[in-house]
Amino acid sequence: MKGSRTVSTRTALAALLVITPAAACSGGGESKNSPHRIDVAPLIHTSAAGDKVDPAKAFSVTTDGTTKLGAVTVTGPDGKPVAGQLAADGQHWQTTDPLRAGAGYTVKVAAEDGRGGSGEIDSSFTTAAAQHVVNAELGPDSSGSGVYGVGQPLTVKLSEKVTDAAARQQIERGLTVTSQPAVTGAWYWIDDQNLHFRPQDYWPANTTVKLAYELPGERIADGVYGGEKQSLALRTGDRIEAVIDAGSDELTYKRNGEVVRTIPVTTGKPGFDTRNGVKVVLGQEASVRMSGETIGIPDGSSESYDLDVQWATRVTWSGEYVHAAPWSTWAQGRENVSHGCTGMSTDNAKWFFDNTRVGDLVQVVNSRGHEMEPFGNGFGDWNVDWDEYVKHSALGKPVTTATPAEGVNATPAPSAGASAPASGLRRPRRRGPRAGDVRRGPPGSVLLPGGPPLSARRRVRRCRGGA
Numbered sequence: 030m031k032g033s034r035t036v037s038t039r040t041a042l043a044a045l046l047v048i049t050p051a052a053a054c055s056g057g058g059e060s061k062n063s064p065h066r067i068d069v070a071p072l073i074h075t076s077a078a079g080d081k082v083d084p085a086k087a088f089s090v091t092t093d094g095t096t097k098l099g100a101v102t103v104t105g106p107d108g109k110p111v112a113g114q115l116a117a118d119g120q121h122w123q124t125t126d127p128l129r130a131g132a133g134y135t136v137k138v139a140a141e142d143g144r145g146g147s148g149e150i151d152s153s154f155t156t157a158a159a160q161h162v163v164n165a166e167l168g169p170d171s172s173g174s175g176v177y178g179v180g181q182p183l184t185v186k187l188s189e190k191v192t193d194a195a196a197r198q199q200i201e202r203g204l205t206v207t208s209q210p211a212v213t214g215a216w217y218w219i220d221d222q223n224l225h226f227r228p229q230d231y232w233p234a235n236t237t238v239k240l241a242y243e244l245p246g247e248r249i250a251d252g253v254y255g256g257e258k259q260s261l262a263l264r265t266g267d268r269i270e271a272v273i274d275a276g277s278d279e280l281t282y283k284r285n286g287e288v289v290r291t292i293p294v295t296t297g298k299p300g301f302d303t304r305n306g307v308k309v310v311l312g313q314e315a316s317v318r319m320s321g322e323t324i325g326i327p328d329g330s331s332e333s334y335d336l337d338v339q340w341a342t343r344v345t346w347s348g349e350y351v352h353a354a355p356w357s358t359w360a361q362g363r364e365n366v367s368h369g370c371t372g373m374s375t376d377n378a379k380w381f382f383d384n385t386r387v388g389d390l391v392q393v394v395n396s397r398g399h400e401m402e403p404f405g406n407g408f409g410d411w412n413v414d415w416d417e418y419v420k421h422s423a424l425g426k427p428v429t430t431a432t433p434a435e436g437v438n439a440t441p442a443p444s445a446g447a448s449a450p451a452s453g454l455r456r457p458r459r460r461g462p463r464a465g466d467v468r469r470g471p472p473g474s475v476l477l478p479g480g481p482p483l484s485a486r487r488r489v490r491r492c493r494g495g496a
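Those letters in the sequence shown? Residues 30 to 496, per our numbering, in order.
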């Protein structure tokens, strides 16, 4: 028996020695779950490829059911990833942000088979160009000196009417105002195509400002996309305020809050009373022809006039100016005898012309005239209560401008009148359609921004002033 147990033990040990090497050999091979590369291209399907992909449709990635998606990255033309969502089963991914029209996208998809196999694919596609785009013309024109008064609003004229509330909000989000220093401001939709932006208070003196429209190819409404990027940069000069008291017939000129000069003036007589309220300088002419016929005064009547006027600073499109009126010096500082303009001596008018620029503030008080129109006859934005102004923003709230305003020269603007040439400051001349225009003239006419058409040959201005 002892010998039998010895044989059995030896037999079992031999069997163990046979099995163990087999198990060791099997363990030395590759496990079915060890990481390895697989070709996932045949297993993954994308909803778009090539060009002319419909930007209105979401981009999606799906698997054949044998694999699950890992990271999916769709990158737009701006280098930023497009937001998307992965389904709970891990087999479907779809963009949640809209695609831009006419834009190129790159796609990177990772997938795994659950058995250690994984792989990636790269692809690209281009969306079709938009059939309907909304472009924007920005104002004011900054092609000249780019220096404006502190009352100058920013303007946007859209190429298409935008009536949908959500679309208007998208437009506002695509409009960026930066300034140094920062200000609190708001957009105001004047109509379906025109917007203004103004700060809660006047722009600070010597502020750098940049306005940008940045919605290239972005969806605004069904089938409508943002147009080309646009931007402008400008600076404000000193804070210039001219307060015209129609009761005392005196103009007080202030620079940065300090009174610099008082000027005797005459304003509109009864029936032609000058508008009350805050106006903004729209442009200037060293010499301009004025005719009473343009405001309905019959030629030959006791009120008619047709004459050349010097040193004219315009404040409304309907024809209100601050200008030289040597024929009424006897009344200046005493009596109101004009047809609505503010008249002064030639020397004072030239001084005022040389010491103001487009965007400066002209306020009329104590007149029997009606209030300045907020829009359509110049820039009467400052006559709108701030809370009311904000209500006309599509977003319904004020915005604080970003700072600094990149790309804008931060050098302080020269003071109005400082080292001015004999002919006056080199100031922007608004000639031809600009952002904010709301009227149209006949062929062959010169159209001032938002103003009436003027003959290209005979520049007879509408004026509510004169003899």
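Just so it is clear, CB atoms sit at the ideal spot from N, CA and C, and this is done for glycine as well.
Thinking residue i and residue j are a contact (beta carbons under 8 Å), I'd like their distance in whole angstroms, please.
i, j, result
"GLY369", "LYS308", "About 12 Å; that fails the 8 Å criterion."
"SER89", "HIS121", "7 Å"
"ALA501", "ALA165", "Residue 501 cannot be examined here, being either before or after the span of the chain that is shown, 30 to 496."
"VAL138", "ILE150", "5 Å"
"THR237", "ARG264", "5 Å"
"ASP278", "THR295", "6 Å"
"SER396", "GLY266", "27 Å between Cβ atoms; not a contact."
"VAL111", "ASP126", "5 Å"
"ALA262", "GLY175", "7 Å"
Which one or two residues does DSSP pair with residue i in a beta bridge?
i, result
"SER316", "GLN339"
"ASN395", "Beta-bridge pairing links ASN395 to no other residue."
"TRP216", "PHE226"
"ILE273", "LEU280 and VAL393"
"LEU311", "Paired residues: none, contrary to the question."
"ILE292", "LEU280"
"VAL351", "THR342 and THR371"
"LYS81", "Note: LYS81 sits in no beta bridge, so no partner."
"GLN209", "THR237"
"GLU400", "ASN305"
"THR104", "PRO110 and THR135"
"LEU428", "It is Val, not Leu, that sits at residue 428 in the sequence shown. Answer is GLY214."
Is any heavy atom of the ligand ZN found at a distance shorter than 6 Å from the C-beta of residue i?
i, result
"ASP193", "Inclusion of the ligand ZN in the displayed structure is not the case, the ligand content being empty and no account of it being possible."
Starting from residue i, follow the beta strand (DSSP E) in both directions and report where the run begins and ends.
i, result
"ILE200", "That residue, ILE200, is in no beta strand (DSSP E); its alpha helix (DSSP H) goes 194 to 202."
"ILE67", "Here ILE67 belongs to no beta strand (DSSP E), and DSSP marks it neither H nor E."
"GLN114", "113 to 115"
"LYS137", "133 to 141"
"LYS186", "183 to 187"
"LEU128", "Per DSSP, LEU128 belongs to no beta strand (DSSP E) and is neither H nor E."
"GLU166", "165 to 168"
Along the alpha helix (DSSP H) that carries residue i, what are the first and last residues, could you check?
i, result
"ASN377", "375 to 383"
"TRP415", "415 to 420"
Going by other Cβ atoms of all chains shown within 10 Å of its Cβ, with 16 needed for buried, is residue i buried or exposed?
i, result
"PRO299", "exposed"
"GLN361", "buried"
"ARG202", "exposed"
"MET62", "Checking the displayed sequence, the identity of residue 62 turns out to be Asn instead of Met. It counts as exposed."
"LYS239", "buried"
"PRO84", "buried"
"SER367", "buried"
"SER316", "exposed"
"ASP389", "buried"
"SER208", "buried"
"HIS352", "buried"
"ALA194", "exposed"
"ASP220", "exposed"
Is residue i helix, strand or coil when you go by DSSP?
i, result
"ALA87", "coil"
"ASP151", "strand"
"ASP302", "coil"
"TRP232", "coil"
"SER174", "coil"
"TRP356", "helix"
"TRP411", "helix"
"GLN259", "strand"
"SER76", "coil"
"GLY94", "coil"
"LEU244", "coil"
"PRO110", "strand"
"ALA423", "coil"
"LYS190", "coil"
"GLN361", "coil"
"ARG268", "coil"
"GLN123", "strand"
"GLY252", "coil"
"ALA159", "coil"
"GLY145", "coil"
"GLY297", "strand"
"GLY180", "coil"
"GLY405", "coil"
"GLY2", "The requested residue 2 does not occur in the structure, where the chain is confined to residues 30 to 496."
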